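A.B. asks: Could you have a look at this structure, given as structure tokens, before my questions?
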Amino acid sequence: MKQILIATKNKGKIAEFKQFFATVNVEVVSLLDLEEPVPDIEETGQTFEENAALKAEEIAQMFNIAVLADDSGLIIDALDGRPGIFSARYAGEPTDDKANIRKVLDELAEIPAAERSARFVCVLAIAAPNKATVFYKGYCEGTITNAEKGENGFGYDPIFIPEGYTKTMAELSPDEKNSISHRKNAISQLEKGIHSK
1 MKQILIATKN
11 KGKIAEFKQF
21 FATVNVEVVS
31 LLDLEEPVPD
41 IEETGQTFEE
51 NAALKAEEIA
61 QMFNIAVLAD
71 DSGLIIDALD
81 GRPGIFSARY
91 AGEPTDDKAN
101 IRKVLDELAE
111 IPAAERSARF
121 VCVLAIAAPN
131 KATVFYKGYC
141 EGTITNAEKG
151 ENGFGYDPIF
161 IPEGYTKTMA
171 ELSPDEKNSI
181 SHRKNAISQL
191 EKGIHSK
């Protein structure tokens, strides 16, 4: 059976990827499964693609195996695309979801509901030794609320209402969220890529 290393320590992401790759007969190994700890790769890129590629390529070189890495974030039109690639650390280090949300809501305080369009973006990069890195991209369109709602999910989920819904991402069940999320849409692109080969 083929193996792929998922460059994450996030258990939620690992479970999603394991579920997907089982359908194409590929065994998933995560950074949590390795005996030796892998140092965090510094994300110095200017785009989601560059950051995902940095992680995937560096770890692929370390272990001489195919590696999948993702980079994702929130793009808000009224903020000229911010927080973008800085989504996880928008309010500074150490990363703090609540502080990030407060900063976004403060910056949008004067923006009317009709102008709060936003989208989650997820870029997957697959790198393998001596092969060109391949990218897959998924989006989830929506709007930003003016207050937090819901207990599920993480990150900006409590202030993001997906298109076609009246609830925030954090008010949806994990199954509902996973059926429409940017990561699910990126994995669907990946699936098409694998099956078209």
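Numbering-wise, the sequence shown is residues 1 to 197 according to full-length UniProt numbering.
Backbone N, C-alpha and C define an ideal beta-carbon position, used for all residues, glycine too.
Predicted, not measured: the structure shown is a model, and the values here were computed from it.
Can the beta-carbon of A125 be found less than 8 Å from the beta-carbon of A56?
C.D. replies: For this step, residue 125 is matched to residue 125 along the sequence shown. For this step, residue 56 is matched to residue 56 along the sequence shown. It is a contact, given that the beta carbons lie within the stated cut-off.
A.B. asks: What are the boundary residues of the alpha helix (DSSP H) that includes E163?
C.D. replies: Looking up residue 163 in the sequence shown gives position 163. Here E163 belongs to no alpha helix (DSSP H), and DSSP marks it neither H nor E.
A.B. asks: Look up S117 in the DSSP assignment and give the residues it is bridged to.
C.D. replies: Start at 1 with the first residue of the sequence shown, and residue 117 comes out as number 117. According to DSSP, S117 bridges with T143.
A.B. asks: Taking a contact to mean a Cβ-Cβ separation below 8 Å, would you say L68 touches A7 in this structure?
C.D. replies: Against the sequence shown, residue 68 aligns to sequence position 68. Against the sequence shown, residue 7 aligns to sequence position 7. Their beta carbons are under 8 Å apart, which means L68 touches A7 by this criterion.
A.B. asks: Does the segment 103 to 115 come within contact of the segment 129 to 147, defined as at least 3 CB pairs closer than 8 Å?
C.D. replies: Yes: the two stretches touch, three or more of their Cβ pairs being nearer than 8 Å.
A.B. asks: Am I right that S72 and V29 are in contact with their C-beta atoms under 8 Å? What's the rounded C-beta distance?
C.D. replies: In the sequence shown, counting from the first residue as 1, residue 72 sits at position 72. In the sequence shown, counting from the first residue as 1, residue 29 sits at position 29. Actually they are not in contact, since the Cβ atoms of S72 and V29 sit about 21 Å apart, beyond 8 Å.
A.B. asks: Are I101 and I159 close, meaning C-beta to C-beta below 8 Å?
C.D. replies: Here the question's residue 101 lines up with position 101 in the sequence shown. Here the question's residue 159 lines up with position 159 in the sequence shown. Yes, the pair counts as a contact, with Cβ atoms nearer than the cut-off.
A.B. asks: Mind checking whether T166 and G150 have CB atoms under 8 Å apart?
C.D. replies: One-based indexing of the sequence shown puts residue 166 at position 166. One-based indexing of the sequence shown puts residue 150 at position 150. For T166 and G150, no; Cβs fall outside 8 Å.
A.B. asks: Contact check, E58 vs I41 under 8 Å by CB: the rounded distance?
C.D. replies: As a working mapping, residue 58 is identified with position 58 in the sequence shown. As a working mapping, residue 41 is identified with position 41 in the sequence shown. Between I41 and E58 the Cβ distance is about 5 Å, and since that is below 8 Å, they are a contact.
A.B. asks: Alpha carbon to alpha carbon, what distance is there between A15 and R119?
C.D. replies: Along the sequence shown, one-based indexing puts residue 119 at 119. Along the sequence shown, one-based indexing puts residue 15 at 15. Computed Cα separation, rounded: 23 Å.
A.B. asks: Between T47 and I85, is the Cβ-Cβ spacing less than 8 Å?
C.D. replies: Counting from one through the sequence shown, the residue named residue 47 turns up at place 47. Counting from one through the sequence shown, the residue named residue 85 turns up at place 85. It is a contact, given that the beta carbons lie within the stated cut-off.
A.B. asks: Which whole runs of the alpha helix (DSSP H) in the segment 55 to 134 are 4 residues long or more, in chain order?
C.D. replies: The segment 55 to 134 contains these whole alpha helix (DSSP H) runs: 97 to 107.
A.B. asks: By how many angstroms is the C-alpha of A60 removed from the C-alpha of V38?
C.D. replies: Residue mapping note: residue 38 aligns to position 38 of the sequence shown, counting from 1. Residue mapping note: residue 60 aligns to position 60 of the sequence shown, counting from 1. Whole-angstrom Cα-Cα distance: 12 Å.
A.B. asks: Using the rule of at least 16 other Cβ atoms within 10 Å of the residue's Cβ for burial, across every protein chain shown, is P83 buried or exposed?
C.D. replies: Stepping through the sequence shown from its first residue, residue 83 is reached at position 83. The residue in question, P83, is buried, as its Cβ has 16 or more Cβ neighbours within 10 Å.
A.B. asks: May I have the straight-line CA-CA distance separating A128 from A170, to the nearest angstrom?
C.D. replies: One-based indexing of the sequence shown puts residue 128 at position 128. One-based indexing of the sequence shown puts residue 170 at position 170. Rounded to whole angstroms, A128 to A170 spans 35 Å at the Cα level.
A.B. asks: Could you round the C-beta distance between Y136 and G193 to whole angstroms and report it? I think they count as a contact, below 8 Å.
C.D. replies: What you label residue 136 is simply residue 136 of the sequence shown in a count that begins at 1. What you label residue 193 is simply residue 193 of the sequence shown in a count that begins at 1. So it is a contact: roughly 6 Å between Cβ atoms.
A.B. asks: Going along the chain, which residues of its own chain have a beta-carbon closer than 6 Å to the beta-carbon of N152, five neighbours each way excluded?
C.D. replies: By one-based count along the sequence shown, residue 152 stands at place 152. The residues are A170.
A.B. asks: Along the chain, where does the alpha helix (DSSP H) that runs through E176 open and close?
C.D. replies: In the sequence shown, the residue the question calls residue 176 occupies position 176. Its alpha helix (DSSP H) spans residues 174 to 180.
A.B. asks: With DSSP collapsed to three states, give me the class of Q189.
C.D. replies: Locating residue 189 in the sequence shown gives position 189, where the first residue counts as 1. Helix, per DSSP.
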